[in-house]
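Peer 1:
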Amino acid sequence: MSPQSGATSERVVQETSEDAQTFEQEAAEASIGLVSDRHKARIHRGMLCVLIGGAAWGAFGTAAKYLLDVYHVEPLWLIDVREFFSALLFLGAATVVDRKRLTQAIHDRQALGKIFAVSFTAILFSQIAYIYAVDATNSATATIMQALGMLGVLFFVCFKARRGPRKREVLGIAMALIGTYLLVTGGDLSSLRLPLRGVFWGALCACAQTSLSILPKKLMEQWGNFVFNGIAFLFSSVCLAVVYQPWNHMPPLDSFGWILVVVGITVGTFFAYGLYLQGVQDAGSMRAVLLGTIEPVMATITTVIVLGTSFSVTDFIGFGLILGMVVLTA
Numbered sequence: 009m010s011p012q013s014g015a016t017s018e019r020v021v022q023e024t025s026e027d028a029q030t031f032e033q034e035a036a037e038a039s040i041g042l043v044s045d046r047h048k049a050r051i052h053r054g055m056l057c058v059l060i061g062g063a064a065w066g067a068f069g070t071a072a073k074y075l076l077d078v079y080h081v082e083p084l085w086l087i088d089v090r091e092f093f094s095a096l097l098f099l100g101a102a103t104v105v106d107r108k109r110l111t112q113a114i115h116d117r118q119a120l121g122k123i124f125a126v127s128f129t130a131i132l133f134s135q136i137a138y139i140y141a142v143d144a145t146n147s148a149t150a151t152i153m154q155a156l157g158m159l160g161v162l163f164f165v166c167f168k169a170r171r172g173p174r175k176r177e178v179l180g181i182a183m184a185l186i187g188t189y190l191l192v193t194g195g196d197l198s199s200l201r202l203p204l205r206g207v208f209w210g211a212l213c214a215c216a217q218t219s220l221s222i223l224p225k226k227l228m229e230q231w232g233n234f235v236f237n238g239i240a241f242l243f244s245s246v247c248l249a250v251v252y253q254p255w256n257h258m259p260p261l262d263s264f265g266w267i268l269v270v271v272g273i274t275v276g277t278f279f280a281y282g283l284y285l286q287g288v289q290d291a292g293s294m295r296a297v298l299l300g301t302i303e304p305v306m307a308t309i310t311t312v313i314v315l316g317t318s319f320s321v322t323d324f325i326g327f328g329l330i331l332g333m334v335v336l337t338a
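With the sequence shown counted from 1, adding 8 to any position gets you my numbering.
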């Protein structure tokens, strides 16, 4: 583990403890009427941002699945176009609201090197794993598998804090394992409900979510949401473009297809990331994790309504167990 990763992990453990203390303090103050109306309004705003951002991300997965299946868009093309134009939106927002830090970051070679590294190990990794998981399964299953990344965060925090998992965390781990078993096999060990390709990308999706939850944290605190995401997405998209050359893989999109691409860039990426991270800042990470379960719920609803995908009873039980894990480990 690099010194940078070590420093980041220590901060994660510290802030997890501070967030829990803040949550308990707010609850105590609320019981005696000490929480100001302004502070309550900020928390409520943050909760709303998390819900909207999470719902946008969940709905994007369904739009991506539609593009992949109906228009036969190549996953890497969608990833690269989405990252590049989202980077322009993030950098544009940074120019307006955080120009000073953007200028400082651009002229700081050490900062650029760190952002470059995290853009590969977290941003690009998560984008590729998620889109390929959606392509191999569906947006609901991919989003649920992504939620398993909470287990990686839990193990990481336990390791850094040098403690074992608590009883509710052990229960959450058991629920996650049973839920994953039901999703993969449908309760029948002799068969696989998900293709091996879907299991593979789903597992990578969970690993990527763990990486995304840990590695960018300190850099985002130092440089801000818009600056970090703008530079990281730009690094990632340009490097992918050099290798993949998306201009040689243009899909046959009609006007509706291009609308889905634009919505995926603006709503499913820029607003989803921006609102969710604003919600974390206003409402706290504990509330954000709990309310973030709206992502798989929205993905499931839109998958059923838009794509007509059907799920079995064991699928929904598996979904519920994994979401229960998120609540317990939060």
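Glycine residues also receive a C-beta, built at the ideal position from the N, C-alpha and C atoms.
The model shown is predicted, which means the values in this text are computed figures rather than measured ones.
Please report how far the alpha carbon of leucine 42 lies from the alpha carbon of threonine 301, in whole angstroms.
Peer 2: Note that leucine 42 scores a pLDDT of 49, beneath 50, so its modelled location is shaky; the value from the coordinates is reported in the next line. Roughly 30 angstroms separates the two Cα atoms.
Peer 1: Short of 8 angstroms in beta carbon distance, which residues of its chain neighbour lysine 73, apart from the five on each side in sequence? Order them along the chain.
Peer 2: Excluding residues within five positions, the ones whose Cβ falls inside 8 angstroms are Val142, Asp143, Asn146, Ser147, Thr311, Leu315.
Peer 1: Please say whether cysteine 213 and alanine 150 have beta carbons closer to each other than 8 angstroms?
Peer 2: yes
Peer 1: If we call anything under 8 angstroms between Cβ atoms a contact, is alanine 307 one with glycine 69?
Peer 2: yes
Peer 1: Is the beta carbon of glycine 421 less than 8 angstroms from the beta carbon of threonine 337?
Peer 2: Outside the modelled stretch of the chain, which goes from 9 to 338, sits residue 421, for which no answer is possible.
Peer 1: Going by DSSP in three states, serine 39 sits in which element: helix, strand or coil?
Peer 2: Its pLDDT being 49, under 50, serine 39 is placed unreliably in this model, and the coordinates cannot settle the point.
Peer 1: If you check the beta carbons only, do glutamine 217 and serine 134 fall under 8 angstroms apart?
Peer 2: Contact flag set, yes.
Peer 1: Mind reading off the beta-carbon distance from isoleucine 123 to phenylalanine 243? Whole number of angstroms is fine, and I expect it under 8 angstroms.
Peer 2: 7 angstroms
Peer 1: Suppose the cutoff is 6 angstroms on Cβ atoms and the five residues either side in sequence are ignored; what does the same chain contact list for leucine 220 look like?
Peer 2: Ala130, Ser134
Peer 1: At the level of alpha carbons, what is the spacing between leucine 248 and aspartate 88?
Peer 2: Each residue's CA atom was taken as its position, placing leucine 248 and aspartate 88 some 7 angstroms apart.
Peer 1: At which residues does the alpha helix (DSSP H) containing alanine 72 begin and terminate?
Peer 2: Its alpha helix (DSSP H) spans residues 45–78.
Peer 1: Considering just the uninterrupted stretch of the alpha helix (DSSP H) at glutamate 177, what are its terminal residues?
Peer 2: 175–193
Peer 1: Taking three-plus beta-carbon pairs below 8 angstroms as touching, is the segment 41–57 in contact with the segment 221–233?
Peer 2: no
Peer 1: Which whole-angstrom value describes the C-beta separation of proline 259 and tyrosine 79, a residue pair presumed to lie in contact below a C-beta threshold of 8 angstroms?
Peer 2: 5 angstroms
Peer 1: Please report the straight-line C-alpha distance between lysine 175 and glycine 195, rounded to a whole angstrom.
Peer 2: 26 angstroms
Peer 1: Mapping the DSSP letters down to three states, classify serine 245 as helix, strand or coil.
Peer 2: helix
Peer 1: Give every residue of the same chain whose Cβ lies closer than 8 angstroms to the Cβ of proline 83, excluding the five residues on either side of it in the sequence, and list them in chain order.
Peer 2: Leu76, Ile136, Ile139, Tyr140, Asp143
Peer 1: Decide if threonine 111 is buried, meaning its Cβ has at least 16 other Cβ atoms within 10 Å, or exposed.
Peer 2: exposed
Peer 1: I'd like to know if the segment 153–171 and the segment 96–111 are in contact, where contact means that at least 3 CB-CB pairs between them fall below 8 angstroms.
Peer 2: no
Peer 1: Reducing DSSP to helix, strand and coil, say where threonine 317 ends up.
Peer 2: coil
Peer 1: Which residue wins for smallest C-alpha separation from leucine 59, given the options Trp209, Ser127, Gln286?
Peer 2: Considering only Trp209, Ser127, Gln286, the residue with the shortest C-alpha distance to leucine 59 is Gln286.
Peer 1: Leaving aside the five residues before and after arginine 90 along the sequence, list all residues of the same chain whose C-beta is less than 7 angstroms from its C-beta, in chain order.
Peer 2: Gly272, Ile273, Thr277
Peer 1: Please classify glycine 206: does DSSP put it in a helix, a strand, or coil?
Peer 2: helix
Peer 1: Applying the 10 Å Cβ sphere with the 16-neighbour rule, what's the burial state of proline 224?
Peer 2: buried
Peer 1: Leucine 261 to isoleucine 152, Cα distance in whole Å?
Peer 2: 29 angstroms
Peer 1: Within its chain, find whatever has a CB closer than 6 angstroms to the CB of alanine 125; leave out the 5 residues flanking it on each side and keep chain order.
Peer 2: none
Peer 1: In terms of alpha-carbon separation, which member of Ser263, Ala49, Gly61 lies closest to leucine 299?
Peer 2: Residue Gly61 holds the alpha-carbon nearest to the alpha-carbon of leucine 299 among Ser263, Ala49, Gly61.
Peer 1: Use the C-beta contact count for arginine 295: other C-beta atoms within 10 angstroms, 16 or more gives buried, fewer gives exposed.
Peer 2: buried
Peer 1: How many whole angstroms separate the CB atoms of glycine 332 and methionine 183, which I take to be in contact at a CB cut-off of 8 angstroms?
Peer 2: Right, the Cβ-Cβ distance comes to about 5 angstroms (below 8 angstroms), so this counts as a contact.
Peer 1: Kindly indicate which three-state DSSP category glutamine 230 falls into: helix, strand or coil?
Peer 2: helix
Peer 1: If you check the beta carbons only, do serine 290 and arginine 109 fall under 8 angstroms apart?
Peer 2: Rather than serine, the amino acid found at residue 290 in this sequence is aspartate. Taking 8 angstroms as the Cβ cut-off, aspartate 290 and arginine 109 do not qualify as a contacting pair.
Peer 1: Give the straight-line distance between the Cα atoms of glycine 66 and isoleucine 325, rounded to the nearest whole angstrom.
Peer 2: 19 angstroms
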